Structure formats: C-alpha cells, structure tokens
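S.K.:
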Amino acid sequence: MAGSAQQGLEHSTPLLFEQGAPGRSGVSKAPIDVPRVDPAKALGKHARKSAAPLPELSEPEAFRHYVRLSQQNFAIDKGMYPLGSCTMKYNPKVNEWAARLPGFARLHPLAPQHTIQGALELMWRLERGLAEVCGMDRVSLHPAAGAQGEYAGLAMIRAYHKDQGRSPRKVLIPVTAHGTNPASCAANGLDAVPFPAGDDGVVHAEMVAPFIDDDVAAIMITNPNTVGLFERELKTIADMIHAKGGLVYGDGANLNALMGWARPGDLGVDVMQFNLHKTFTTPHGGGGPGCGPVGYKQILDPYAPVPVVEKREDGTFALDYASRPKSVGRLRSYHGNFGMMVRAYTYLREMGAEGLKRATELAVLNANYLRVALGETWHVAYDTTCMHEVVISDKHLKEAHVTTMDVAKRLIDFGFHPPTVYFPLVVKGAMLIEPTENETKATLDEFVDAMAQISREAFAEPDKVKAAPHLTRLRRLDETKAARHPVLRWQPEAETSEAAE
Ligand SMILES: *Cc1c(COP(=O)(O)O)cnc(C)c1O
57 MAGSAQQGLE
67 HSTPLLFEQG
77 APGRSGVSKA
87 PIDVPRVDPA
97 KALGKHARKS
107 AAPLPELSEP
117 EAFRHYVRLS
127 QQNFAIDKGM
137 YPLGSCTMKY
147 NPKVNEWAAR
157 LPGFARLHPL
167 APQHTIQGAL
177 ELMWRLERGL
187 AEVCGMDRVS
197 LHPAAGAQGE
207 YAGLAMIRAY
217 HKDQGRSPRK
227 VLIPVTAHGT
237 NPASCAANGL
247 DAVPFPAGDD
257 GVVHAEMVAP
267 FIDDDVAAIM
277 ITNPNTVGLF
287 ERELKTIADM
297 IHAKGGLVYG
307 DGANLNALMG
317 WARPGDLGVD
327 VMQFNLHKTF
337 TTPHGGGGPG
347 CGPVGYKQIL
357 DPYAPVPVVE
367 KREDGTFALD
377 YASRPKSVGR
387 LRSYHGNFGM
397 MVRAYTYLRE
407 MGAEGLKRAT
417 ELAVLNANYL
427 RVALGETWHV
437 AYDTTCMHEV
447 VISDKHLKEA
457 HVTTMDVAKR
467 LIDFGFHPPT
477 VYFPLVVKGA
487 MLIEPTENET
497 KATLDEFVDA
507 MAQISREAFA
517 EPDKVKAAPH
527 LTRLRRLDET
537 KAARHPVLRW
547 QPEAETSEAA
557 E
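Just so it is clear: in the sequence shown, position 403 is 459 by this note's numbering, and no numbers are missing.
(1) Use the C-beta contact count for Y401: other C-beta atoms within 10 angstroms, 16 or more gives buried, fewer gives exposed.
(2) Alpha carbon to alpha carbon, what distance is there between R222 and R568?
(3) Should S553 be labelled buried (16 or more other beta-carbon atoms within 10 Å of its own) or exposed?
(4) If we call anything under 8 Å between Cβ atoms a contact, is P339 one with I277?
(5) Does DSSP put E366 in a helix, in a strand, or in coil?
(6) Looking at C-alpha atoms only, which residue of S81, E410, A161 is the closest neighbour of P116?
(7) Tell me, which residues are paired with L226 by DSSP?
(8) Hey, would you say the C-beta of C241 is under 7 Å away from at least one heavy atom of ligand 1?
(9) So who's on the other strand from D376, going by DSSP bridges?
(10) Report buried or exposed for S511, applying the criterion of at least 16 other Cβ atoms within 10 angstroms of its Cβ.
(11) For ligand 1, is there a heavy atom less than 7 Å away from the beta-carbon of D307?
(12) Considering only DSSP beta bridges, list what I448 is partnered with.
(13) In terms of residue numbering, what span does the beta strand (DSSP E) encompassing M407 cover?
(14) Label G254 either buried or exposed according to how many other C-beta atoms from any shown protein chain fall within 10 Å of its C-beta, with 16 as the threshold for buried.
(15) State the beta-bridge partners of L166 as determined by DSSP.
(16) Specify the secondary structure class of R540 as computed by DSSP and reduced to three states.
(17) Taking the CB atoms as reference points, tell me whether N393 and A200 lie closer together than 8 Å.
(18) Only counting the same chain, and skipping five residues up and downstream in sequence, which positions put a Cβ closer than 7 Å to that of N244?
(19) Identify which residue in P280, P475, P361, R405 has its Cα closest to the Cα of G257.
(20) Starting from the C-beta of V463, find all residues in its chain whose C-beta is less than 6 Å away, skip the five residues before and the five after it, and write them out in chain order.
(21) Between which two residues does the alpha helix (DSSP H) containing S511 stretch?
(22) Does the stretch 137-153 come close enough to the stretch 472-489 that 3 or more CB-CB pairs lie under 8 Å?
(23) Can a CB atom of chain C be found closer than 8 Å to the CB of Y352?
(24) With 16 other CB atoms within 10 Å as the buried threshold, where does V350 fall?
(25) Within its chain, find whatever has a CB closer than 6 Å to the CB of P518; leave out the 5 residues flanking it on each side and keep chain order.
(26) Report yes or no: do three or more beta-carbon pairs, one from the stretch 427-443 and one from the stretch 489-509, lie closer than 8 Å?
(27) Beta carbon of A524, beta carbon of I468: below 8 Å?
(28) Need the endpoints of the beta strand (DSSP E) that M328 sits in, please.
(29) Given this structure, state the Cα-to-Cα distance separating L157 from Q169, to the nearest angstrom.
(30) From this set, V259, V272, L303, which residue's C-alpha is nearest A248's C-alpha?
(31) Is the beta carbon of M396 less than 8 Å from the beta carbon of C347?
(32) Let's see if you can read the secondary structure: which residues bound the beta strand (DSSP E) around R156?
(33) Which same chain residues, not among the five before or five after E289, have their C-beta less than 8 Å away from its C-beta?
(34) Contact between the stretch 353-362 and the stretch 378-394 is defined here as three or more beta-carbon pairs at a separation below 8 Å; is this criterion met?
(35) Measure the CB-CB distance between V150 and M315 and report whether it falls below 8 Å.
(36) Taking the beta carbon of Y403 as the centre, do at least 16 other beta carbons fall within 10 Å, making it buried, or is it exposed?
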C-alpha cells in the first residue's frame, strides 16, 4: 500500500513492513551453482521454523521510502540550523569523497598493520593537527563522542591522582555548564560541585576561590562558555587549581570560537575533548556520536586510552597497545571511528591554518551581527560582544503569553531549524543561537526578519504562534509521551502469535 509521492508527504508514511508484496524483490540473483543445503540439517535446532517476516520490495519502493522520510526531516543541507552549542555547520562534500575512497572505506579493522600504513599515517597526522590547534602535547582519537571524550579525560585525571597516591573527589563545574559535564563526573565516580558565574555571565576567580581545597580533582570549564562569552579569568583560575594539585579540564565543544586565535593549552587547560562533528565538519549522527578526540598535556600521557598511533624510527606507523601499563584502557572497539577521522583530516587540510582562523572570525562576526540585529526586537541576555553564539530570551513576550517554545515552533514555518531552547539554564526562556561561519548575510537577514515577524505576531495573533508549526506534516507532538512510552519496534501480528507458541 505504498502511497503516491503526494500521499507520502501528506499522510503517514507506511513502514517498509507495511509495503511490498510476497515475491517482490529488488535484486536479481544468479542461479545457485552449488548443492542446496537443508537449513534444518545444517543448523539443527537453531534453524528458523518459518521464513523471517521481512518486507518484500522493489528497489524503487525501498528507495522512495527513504527519500520521502529524508524530505520530512530538517537538515543542514536544507537550511540554516542555528542550534547553539551544537555547532551545526555545513559538512563539505569533499569530506565524503575522501571517506569513501576504497582504500579508506573498505579497510578491515583487523587488517595487518603493514597493510594499513596510509590509514595509520592519517590518524597520526590528524593527531598532530588537532594538538597544534588546541596547544596540547598529544591527542587520543579513541572516544566516540564529545561526552565520551569528557569521560576519558576525567578518567585520565583520576588515574593521574591515583598514581600520586591521592584520591580527590570533587570536580568544580560552573552553573552554565552543559549537562554532559556533571554526567561524566558521575560516570567516573567523581562529585560534580557547581559554582556560580557572575551576573555578567562569566566565572570570576574570587567566586571560585572558596570552593578550592585539597579534595578538588579538577575544574571543568567550557571556553567560550555556553552563553557565548569568553572566560577571561581562565588562566588565573587554572593557576589557582594547579597550586592545590588539581587539574583543569576544558570542554572543547565551543572550539569554533577559538580555533586559530587562542589555544586552550596556552590558557592552562590540561585535558580537553574535541567534538569533530561540531568544529571539524563531520556529520552529526542521531545525538552527536562519531568521534570526540581527547587532547592532553604530557603529564597525562601514561594514562591515555590505548591503542595509540606511534611513528617508528624507520618512518613506519604502528598501533601501540603495550607501553602504557597505567592506561585507562580501551573505550570502544578497535581504533575509534575511522571514517570520521578521514573527514576531519580532509577539512583540516582543505582549510589550512589561515582557513581555520578565517572560519573562527566569520563565526564570531555572524553571531555578533545577529546579536545587534535581533537586539532591536528581542531581549539579549548579555549585551556585550559575544563569541560564536548569542543568547536571547522570550522576556518581552510575557504580556502576550507567548513562550520560547512557541517561537521555536513558529520558526519552523519560516524554514529555519529552531535554536537551542531553555539552555543554558541560567537564562530564563533562553534561545541559544549559533549561526556558524557558513551563513551569508542574506540568510542572517532572513532569519532576523522571521524573528521580527514572530515577535509582531505574538502580540497581534498570539494563537497563530501558539498553534505553530502550521506547515509541517506533523504538528506539536506529545514530547513527554514520546519519551515515556516510545514505540520503537514494529510487531507483526503473525510473529506475536508465533512467539506466544
Ligand atoms: C555538544 C556538547 C557536549 C557533548 O558532546 P557530544 O559530542 O554531543 O557528546 C559537551 N559540552 C558542550 C558545551 C557541548 O555543546
């Protein structure tokens, strides 16, 4: 019952399992030229009693299904995606070309090392490039996401203290921090201790000082922070922490505002994660997995995850599993998410040092353009020069009873992905807007116009804003129900009765 293309967009798109017909197929198989094997004989009790109820589809049916679904989605390839902190920037297609080169794409993770010298060299060069950008001595490419990079970095900090016969438990985290920061502490058995930021949105040495004692394992700081402001006192605070034997973890998710201009390693940071899917243009997966390398200073090298790529004296490359007995160990299978490394390395080489610097400049310029232009209508939370993102709020809509959630939904009707909403928590009704370096002035102006119109509508026709989106196939969803009672698996009626037997 595959609908027409028209129906596919307007009505509920049937699942693949609900399409097709018995005997229909999308492949042409060569005739069998070996003796047929009876599955029951070959597999014994493990053989299925009946065929799996898989959909039987033609190639066009299968293809159209996925293309239709993709058209119902918003993507960075479709329009501006100003999702603050997530740095949704364009994924250059040359990255995809490189990652699909058969010599990279078809590698087997267990291939003998002398046959994968090119891949190892790429990993080694990517590590050097990232280390240079952030001012660290080494970088482990192992973690699969920013959050796992945080986990790895804190695990290394814990191993470092243990090696010195200490076991401090506290990690100081400003209230503006991303939720993954305290979660990474908890996963490491460390206690996240929140400390306040100033009314100006940034942390101050004198406000951190009362929290620093011998039980502080580390401070965890995002710079620029999640309200888009540069933490000017980071170096001073880092010195204070180091003086008490603690270490400094830098959340590197906002590196898009520093790249080429300032290096966390020079500001006192000992260990940090990169989010390759943010700063280095690899695609965001569902929720951001991929590759979250962790950069660190030499003092943490004995505890780095394994394997590590080393260059031997004869110029060849090798995976070193053995020479770090105090390593925090493996974080995931094999050597990390190699396809992401190829994409990030391609971006680094394509941009070069000057290109990265220019990208940062444009990202910061675009955010400040929006800050000033939106400021004509909207409440800007911190009205001072920002870095790569800016926070506005729904404060001026209070009388109209229109909220940030309504504004976000209405923006969808104008063809924009909503910004990050209700984060950071320190700003009531926050909208965290990050345009990135990719958007043209014309697109930024369209966004500002849409936001101005929504503000006018909020007072003139509040119901229109509160009922948005109007132009999407699905309107407002019951988000609580979706989270509490997710339907993740299609159950065929036939299989249910078979399972009951
Ligand atoms: C995105 C983000 C993270 C988590 O990174 P993931 O790659 O999504 O796991 C951590 N901190 C900040 C500030 C972020 O924006």
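Heads up, the beta-carbon is just placed ideally off N, CA and C, and yes, glycines get one too. As the structure is a computational prediction, the values presented were derived from the model and not from experiment.
M.R.: The relevant details are as follows:
(1) Counting Cβ neighbours within 10 Å, Y401 comes out buried, since at least 16 surround it.
(2) There is no way to answer for residue 568, as the model of the chain reaches only from 57 to 557.
(3) Any reading at S553 needs caution, since the residue's pLDDT is 45, under 50, leaving its predicted position unreliable; the model's value is listed next. Classification of S553: exposed, given that the 10 Å Cβ count is below 16.
(4) no
(5) strand
(6) S81
(7) It should be pointed out that residue 226 corresponds to Lys in this sequence rather than to Leu. DSSP output for K226 lists D247, V272 as bridge partner(s).
(8) Result no, Cβ not under 7 Å from ligand 1.
(9) V364
(10) buried
(11) Under cutoff, so the answer is yes.
(12) V436, M487
(13) Segment 394-430 is the alpha helix (DSSP H) holding M407; no beta strand (DSSP E) there.
(14) Sixteen is the threshold: since fewer than 16 other Cβ atoms of the shown chains lie within 10 Å of the Cβ of G254, the residue is exposed.
(15) Residue pairing from DSSP leaves L166 without any beta-bridge partner.
(16) Helix, per DSSP.
(17) yes
(18) Non-local beta-carbon contacts of N244 in its own chain, meaning distances under 7 Å to residues more than five positions away in sequence, involve Y207, L210, A211, R214 in chain order.
(19) P280
(20) I510
(21) That run of the alpha helix (DSSP H) goes 497-516.
(22) yes
(23) Any reference to chain C falls outside this structure, which holds one protein chain only.
(24) That one is buried.
(25) A456, V458
(26) yes
(27) In this structure, A524 places its C-beta atom within 8 Å of the C-beta atom of I468.
(28) 327-329
(29) 19 Å
(30) V272
(31) The answer is yes: Cβ separation under 8 Å.
(32) Not the beta strand (DSSP E): R156 falls in the alpha helix (DSSP H), residues 149-156.
(33) V258, V259, H260, A261
(34) yes
(35) no
(36) Buried is the call here.
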